Each structure stands twice: as structure tokens, then as C-alpha cells.
Amino acid sequence: MSDAATLVAQADRAAAAQDLKGAQALLRQAAEADPGDFGVLMRLAGISRALGQPRVALDAAHAALAVHPLDFSALLLRASLLERIEDPRAGEAWGNALAQRPDGALPPQLAGIVAEAERRHNAWLDAREARLAQGTAAIEAGADEDERWRIARFRTNALRRTRVWHSEPTHYHFPGIAEREYHPRARFPWLEELEAATDAIAAELEAAMASERSELVPYIEYPDHLPLQQWRPLNRNPDWTAIHLYKNGKRVEANARHAPATLALLDRIGQPDIPGASPNAMFSLLAPGTSIPPHVGVNNARLVCHLPLVVPEGCWFRVGGETRLWERGRAWVFDDTVEHEAMNPSGLLRVVLILDVWHPDLTAAERAAVAAMIAADGGSSAGGL
1 MSDAATLVAQ
11 ADRAAAAQDL
21 KGAQALLRQA
31 AEADPGDFGV
41 LMRLAGISRA
51 LGQPRVALDA
61 AHAALAVHPL
71 DFSALLLRAS
81 LLERIEDPRA
91 GEAWGNALAQ
101 RPDGALPPQL
111 AGIVAEAERR
121 HNAWLDAREA
131 RLAQGTAAIE
141 AGADEDERWR
151 IARFRTNALR
161 RTRVWHSEPT
171 HYHFPGIAER
181 EYHPRARFPW
191 LEELEAATDA
201 IAAELEAAMA
211 SERSELVPYI
221 EYPDHLPLQQ
231 WRPLNRNPDW
241 TAIHLYKNGK
251 RVEANARHAP
261 ATLALLDRIG
271 QPDIPGASPN
281 AMFSLLAPGT
291 SIPPHVGVNN
301 ARLVCHLPLV
311 VPEGCWFRVG
321 GETRLWERGR
331 AWVFDDTVEH
341 EAMNPSGLLR
351 VVLILDVWHP
361 DLTAAERAAV
371 AAMIAADGGS
381 SAGGL
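The structure is reproduced here in C-alpha cells:
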């Protein structure tokens with residue numbers, strides 16, 4: 001055994017005999033003999049904490065972290081010691097520790113510590129968020145709805161309760177246009193007309209569903225050999241189906257004939273018109289207890305609008321860092337090239353009208369260029385719109 005190893009063995013025997021001061025002295029000698037021994041430094045920190053010497057223990061923990069800065073146990077120890085001495089850095093230290101939490105199930109003795117760490121870190125975040133909100137309260141009182149949303153998101157980003165999400169289309173990325181999870185309602189004045197037609201659209205949905213000639217197909221259908229991993233769990237899955245009114249620019253007559261008012265409204269809204277790719281509009285049916293896994297769409301030059309028609313309690317939709325509950329008749333526009341997912345946790349069917357719209361930042365020339373390029377690239381065969 002090395003000198004340090006011998007000292008550690010002696011310290012362990014002293015600790016087992018409840019001679020904590022003797023064990024601490026031996027561990028200090030071992031740390032002097034081998035200053036880079038992480039295990040010795042953690043033992044010293046633990047013994048010092050047991051002796052009621054949190055500041056001494058903290059020095060040892062800091063020395064251990066100098067050796068392994070991202071060690072989960074050492075970070076948890078540091079946070080707990082800062083908490084004990086009422087150091088204001090404790091709240092952030094809990095967050096630093098939790099950021100290094102290993103994947104998978106934790107041992108029972110550690111799970112309780114982690115739960116307490118989460119509680120303390122969230123309490124610190126709540127207090128900090130309240131302080132930041134108070135600082136901007138007067139400004140937000142005079143801001144419009146979208147300004148308030150952006151200020152609030154600026155605040156939660158600073159707190160790391162949300163993060164920055166980017167558009168990541170699978171096929172087509174148009175540069176220089178706004179990246180937003182949900183886009184401001186003010187940019188789509190036709191939303192109010194769409195929402196006002198909820199009952200009429202829902203009646204046409206019922207007519208289509210009752211018709212024997214309607215075409216109800218899986219929302220996702222593609223050959224198994226294609227490398228589309230994000231969709232594999234739902235490929236040809238009857239739990240997520242669609243009644244298409246327009247599909248890749250073609251009117252689906254078996255369904256569309258039941259929805260004249262819906263189609264007339266879509267004409268007034270003005271969807272992208274691209275041969276072989278758009279317009280697209282459908283009733284999306286999500287079965288009870290079904291989730292749609294996180295995924296991204298093909299093209300950020302267009303956005304997607306949802307109008308909820310049949311919404312059981314608890315159905316939610318996440319885009320990037322914001323999760324919303326669907327509400328019947330309450331529409332929104334979002335960027336589907338930002339990661340998004342959905343869940344119907346209820347025992348009933350959920351139905352949403354889905355349609356495509358142009359990204360409002362595109363000029364007329366840019367829209368024409370997007371349409372021409374996608375059409376030249378083969379429309380839906382190249383990823384569509």
C-alpha cells in the first residue's frame with residue numbers, strides 16, 4: 001500500500017470506531033500525501049460534515065471538484081453544504097448538481113436526496129423569477145400581448161426554465177424568417193373568422209365521418225425501407241388517422257364533398273398553392289391514450305394552423321418549450337419545423353382541423369420562389385410542403 005492508502009485504511013477504521021476526529025486527521029494527512037485523490041477528498045468532506053464543520057467540508061468538496069468538476073455526488077455535496085451555511089449560492093448549486101444527474105433509475109438512497117435537491121432548486125427559481133418579474137412589471141403593464149410573451153420568455157430563458165428552440169426542417173430551410181414556436185395571433189387576422197366557424201366545421205366533420213364513402217387513412221404512411229425514424233412508431237398506425245380534404249395539392253373528393261363551408265373558408269384564408277405539394281387540409285383524429293412522438297416538419301416557409309373541434313379533457317400539444325391544452329374553437333398557428341409532440345390521455349377521440357399557411361415574413365417573390373423550387377423538386381415526393 002502507498003502511504004496515502006495506508007492512511008485511508010486507518011481513517012476508515014477510526015470512523016468505524018466513532019473516532020471521527022481521528023479519522024479526519026488521518027484523511028488530512030492522506031490528502032497532503034496525494035492532493036489529487038478524489039476519493040480521499042470526498043471522504044474528508046464527509047467526515048468533516050459529520051463533525052459539524054460544514055465550511056471545512058466545503059473546502060474539501062471544492063478540492064474534490066477541482067479534480068472532477070462535473071461529479072454528480074460532489075456537486076450534490078457542495079450544494080447541501082452551501083445550504084447548511086445559508087450561502088446564497090446554494091440555489092444555483094442545486095441546479096448545477098441536477099444538471100449532471102445520471103440517466104436511468106437512481107439508487108433508493110440517492111433518489112430522496114435528488115427529490116429534495118429539486119424542491120430546493122425550484123424554490124430558488126421561484127423566488128428569482130418573482131424578483132425578475134417584479135423588475136419588469138411596470139414595463140409589461142404597458143406592453144401588448146406579444147411583447148409580454150417575449151418578455152416572459154426572456155425571463156424563463158434566463159432562469160433556464162426554457163431554452164432556445166430553432167427551426168430544424170427535414171428538407172427545406174428558408175433563411176432570415178422569424179423562428180417562433182407559436183406565432184402571434186395578430187399576424188393572422190383570419191383566425192377569428194375560422195374560430196367563429198367552429199360549429200359549422202364540426203358539423204361537416206360529423207357528416208364526413210358518418211359517410212360510408214369517406215376516406216379515413218393513417219396520418220403517416222410511407223414504405224418501411226425509408227430512413228424516417230421519427231415517424232416509425234406511428235407509420236400506418238390506426239391510432240392517428242386523417243380525413244383529408246386536400247392532400248399534396250389535390251382535393252380528396254370523397255371527403256371534401258361533405259365540407260363545402262370549410263373549403264370555402266380555406267379559400268378565403270389562402271393556403272400555399274404548389275403543384276404536387278399544397279394545399280393541405282385535414283381532420284386529424286387521435287385515438288384515446290395515444291401520443292405523437294417528438295418530431296419536426298419538412299419546410300419552415302409554411303406554418304401550420306390547428307382548430308380544435310373535439311377535445312377531451314387533458315389533451316395537450318407541445319411546441320419547443322411551450323405546452324398548451326387544446327380548447328375547442330381556440331385556434332393557433334405554429335412552426336412545425338420546431339420539435340413538437342402531442343398526447344391524448346383521455347378515453348375519447350380527439351379531432352383537430354389542420355391546415356397549412358404561408359409564413360408571414362415571406363414576400364410575394366419569396367413565396368413564388370419557394371413554390372417553384374419545391375414543385376421543380378418533385379412536390380410531395382421530395383418532402384412536400
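According to UniProt numbering, the sequence shown is numbered sequentially starting from 1.
Idealized CB from N, CA, C, for every residue including glycine.
The structure displayed is predicted, hence computed values, not measured ones.
Query - Selected residue, minimal CA-CA separation from residue 162, among 336, 320, 374, 242 - result: By 1-based counting over the sequence shown, the position of residue 162 is 162. Among 336, 320, 374, 242, the Cα nearest to that of residue 162 belongs to 320.
Query raised in the report: Is there contact between the segment 258 to 271 and the segment 186 to 193, where contact requires at least three CB pairs shorter than 8 Å?
Result: In this structure the segment 258 to 271 touches the segment 186 to 193; the number of beta carbon pairs closer than 8 Å is three or more.
Query - Segment limits, alpha helix (DSSP H) that includes residue 337 - result: For the purposes of this step, residue 337 is taken as the residue at position 337 of the sequence shown. From DSSP, residue 337 is part of no alpha helix (DSSP H); its letter is neither H nor E.
Query - Collapsed DSSP secondary structure at residue 293 in the structure displayed - result: The sequence position of residue 293 within the sequence shown is 293, counting from 1. Residue state, collapsed to three classes: strand.
Query raised in the report: Whose C-beta lies closer than 8 Å to the C-beta of residue 200 among residues of the same chain, with five residues either side of it excluded?
Result: Here the question's residue 200 lines up with position 200 in the sequence shown. If we look at residue 200 and ignore the five residues flanking it on each side, its Cβ neighbours are 261, 262.
Query raised in the report: Whole-angstrom Cβ separation of residue 353 and residue 328, contact assumed at under 8 Å?
Result: Here residue 353 corresponds to residue number 353 of the sequence shown, with the count starting at 1. Here residue 328 corresponds to residue number 328 of the sequence shown, with the count starting at 1. Not quite, the Cβ-Cβ distance comes to about 11 Å (not below 8 Å), so this is no contact.
Query raised in the report: From residue 393 to residue 106, what does the alpha carbon distance come to, in whole angstroms?
Result: Nothing about residue 393 can be reported from this structure: the residues present for the chain run from 1 to 385 only.
Report task. Along the beta strand (DSSP E) that carries residue 170, what are the first and last residues, could you check? Result -> The residue labelled residue 170 in the question sits at position 170 within the sequence shown. No beta strand (DSSP E) holds residue 170; DSSP gives it neither H nor E.
Query raised in the report: Is the segment 162 to 172 in contact with the segment 240 to 248, if contact means three or more CB pairs nearer than 8 Å?
Result: no
Query raised in the report: For the alpha helix (DSSP H) that contains residue 126, what are its first and last residues?
Result: If you number the sequence shown from 1, residue 126 lands on position 126. Segment 108 to 141, the alpha helix (DSSP H) holding residue 126.
Report task. Look at the Cβ atom of residue 50, then the Cβ atom of residue 20, and state whether they are nearer than 8 Å. Result -> Here residue 50 refers to the residue found at position 50 of the sequence shown. Here residue 20 refers to the residue found at position 20 of the sequence shown. Cβ atoms of residue 50 and residue 20: closer than 8 Å.
Requested in this report: Compare the beta carbon distance of residue 71 and residue 65 with 8 Å and say whether it is the shorter of the two.
Outcome: Residue mapping note: residue 71 aligns to position 71 of the sequence shown, counting from 1. Residue mapping note: residue 65 aligns to position 65 of the sequence shown, counting from 1. Yes. Within cutoff.
Query - Length at least 3, wholly inside the segment 249 to 300: the beta strand (DSSP E) runs in chain order - result: 281 to 286, 290 to 295
Query raised in the report: Got a sec? Which residues, its chain only, sit under 8 Å from residue 208 by beta carbon, not counting five neighbours each side?
Result: To locate residue 208, count along the sequence shown from 1; it is residue 208. The answer, listed in chain order, is 214, 243, 255, 258, 259, 283.
Query - Distance between residue 196 and residue 178 (C-alpha atoms, nearest Å) - result: Numbered from its first residue, the sequence shown carries residue 178 at position 178. Numbered from its first residue, the sequence shown carries residue 196 at position 196. So the two alpha carbons sit approximately 28 Å from each other.
Query - Alpha-carbon to alpha-carbon, residue 265 and residue 202 - result: Working through the sequence shown from its first residue, we reach residue 202 at position 202. Working through the sequence shown from its first residue, we reach residue 265 at position 265. Near 13 Å, if we compare the C-alpha coordinates of residue 265 and residue 202.
Requested in this report: Could you work out which residue in 41, 24, 363 is closest to residue 68 when comparing CA atoms only?
Outcome: Reading the sequence shown from its first residue, position 68 is the one you call residue 68. Answer by Cα proximity: 41.
Report task. Out of 194, 291, 175, 279, point me to the one whose CA is closest to residue 315's CA. Result -> Mapped onto the sequence shown, residue 315 falls at position 315. Of the candidates 194, 291, 175, 279, the one whose C-alpha sits nearest the C-alpha of residue 315 is 291.
Query raised in the report: Hey, quick one: how far does the beta strand (DSSP E) through residue 190 stretch, first residue to last?
Result: Sequence index remark: in the sequence shown, residue 190 carries index 190 (1-based). Counting along the chain, residue 190 falls outside any beta strand (DSSP E), and DSSP gives it neither H nor E.
Query raised in the report: Run through DSSP, which three-state label would residue 97 get?
Result: Position 97 of the sequence shown, counting from 1, holds the residue named residue 97. Look at residue 97 here: in three-state DSSP terms it is helix.
Query raised in the report: Which residues in the same chain as residue 95 place their Cβ atom closer than 6 Å to its Cβ, once the five residues preceding and following it in sequence are excluded?
Result: Numbered from its first residue, the sequence shown carries residue 95 at position 95. For residue 95, where only same-chain residues beyond five positions count, the Cβ hits under 6 Å are 121.
Query raised in the report: Going by C-alpha distance, which of 346, 154, 166 is nearest residue 338?
Result: Taking the first residue of the sequence shown as 1, we reach residue 338 at position 338. When each option's Cα is compared against that of residue 338, the closest is 166.
Query - Option nearest residue 159 by Cα separation, candidates 371, 249, 133, 137 - result: As a first step, residue 159 must be located in the sequence shown, where it is residue number 159. It is 133 whose Cα lies nearest to the Cα of residue 159.
Query - Rounded separation between residue 54 and residue 48 - CA only - result: What you label residue 54 is simply residue 54 of the sequence shown in a count that begins at 1. What you label residue 48 is simply residue 48 of the sequence shown in a count that begins at 1. So the two alpha carbons sit approximately 7 Å from each other.
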